[in-house]
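Taking my numbering, the leading residue of the sequence shown gets 174, the next gets one more, and so forth.
We put the CB at the ideal spot given by N, CA and C, even for glycine.
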Amino acid sequence: TYHYAGHDIVIHESIDHFGAVVWPGALALCSFLDNNRHQVDLQGKEVLELGAGTGLVAIVASLLGASVTATDLPEVLSNLRANVMRNTRGRCRHPPQVASLAWGHDLESAYPASACRYDYVLAADVVYHHDFLKELLDTMKHLCRPGTTLIWANKVRFEGDLRFTQDFQRTFHTSLLVEDGEMKI
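Spelled out as structure tokens, the structure:
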């Protein structure tokens with residue numbers, strides 16, 4: 174059980190998939206959103222979360238007033254949907270949506286640039302030891318328009334994480350909002 178945005182949040186985790194565990198970046202991002210509402214006002218904003226996993230970040234964003242689309246791979250969606258529904262039903266002005274999104278695949282057909290405009294794109298611990306970092310960056314570029322703020326919390330684990338961070342910094346105007354040296358987030 175977690176407590177954010179004035180609510181207890183019960184998350185069901187599983188060891189079946191990477192996306193079924195609450196990772197440190199998700200906790201850091203939830204704390205940041207909850208404690209910095211003056212800096213990041215989510216009330217009535219359009220938000221998409223990449224790699225939503227258990228849904229904790231999407232749930233917190235919804236409880237803070239955002240209209241949220243939580244995305245992940247198809248095999249994670251049933252647990253994600255159950256966590257989101259359990260923790261937001263009757264508590265949110267905008268019921269969150271849960272949708273499939275495989276990074277780099279069918280982006281224009283599933284998330285057309287002309288129709289999908291997000292105020293915020295959120296991502297927590299989406300960079301880990303895998304082969305899809307180029308696709309992740311392509312997806313971030315596709316979803317972010319002028320005026321979109323991408324907030325990314327990530328625990329540095331591997332050398333590839335640093336290379337991705339450099340590519341990310343070459344692609345986007347970046348600002349370091351918070352750094353947790355102890356957790357390497």
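Can you tell me where the alpha helix (DSSP H) with Thr-312 in it begins and where it stops? In this chain, the alpha helix (DSSP H) harbouring Thr-312 covers 306-316.
Specify, as a first and last residue, the run of the alpha helix (DSSP H) that Leu-237 falls within. Careful: Leu-237 lies outside any alpha helix (DSSP H) and carries neither H nor E.
Should Gln-212 be listed as close to the ligand SAM, given that the test is whether its C-beta is under 7 angstroms from any heavy atom? Here there are no bound small molecules, and the ligand SAM is not part of this structure.
Between the CA atoms of Val-294 and His-176 - distance to the nearest angstrom: When rounded, the distance between both Cα atoms is 22 angstroms.
In the DSSP output, what is Gln-270 paired with across the bridge? By DSSP's assignment, Gln-270 forms a beta bridge with Thr-242.
Which residues bound the alpha helix (DSSP H) around Glu-281? In this chain, the alpha helix (DSSP H) harbouring Glu-281 covers 280-283.
CA-CA distance, Leu-236 and Arg-210? Spanning the two alpha carbons is a distance of roughly 12 angstroms.
Count the C-beta pairs between the stretch 192-208 and the stretch 256-268 that are closer than 8 angstroms, then say yes if the count reaches three, no if not. These segments do not touch.
Could you check the C-alpha separation between Met-313 and Asp-181 for me, to the nearest Å? C-alpha of Met-313 to C-alpha of Asp-181: approximately 30 angstroms in a straight line.
Asp-240, buried or exposed, once every other Cβ within 10 Å from all chains shown has been counted against 16: Reading off the sequence, residue 240 comes out as Ser, not Asp. With 16 or more other Cβ atoms within 10 Å, it is buried.
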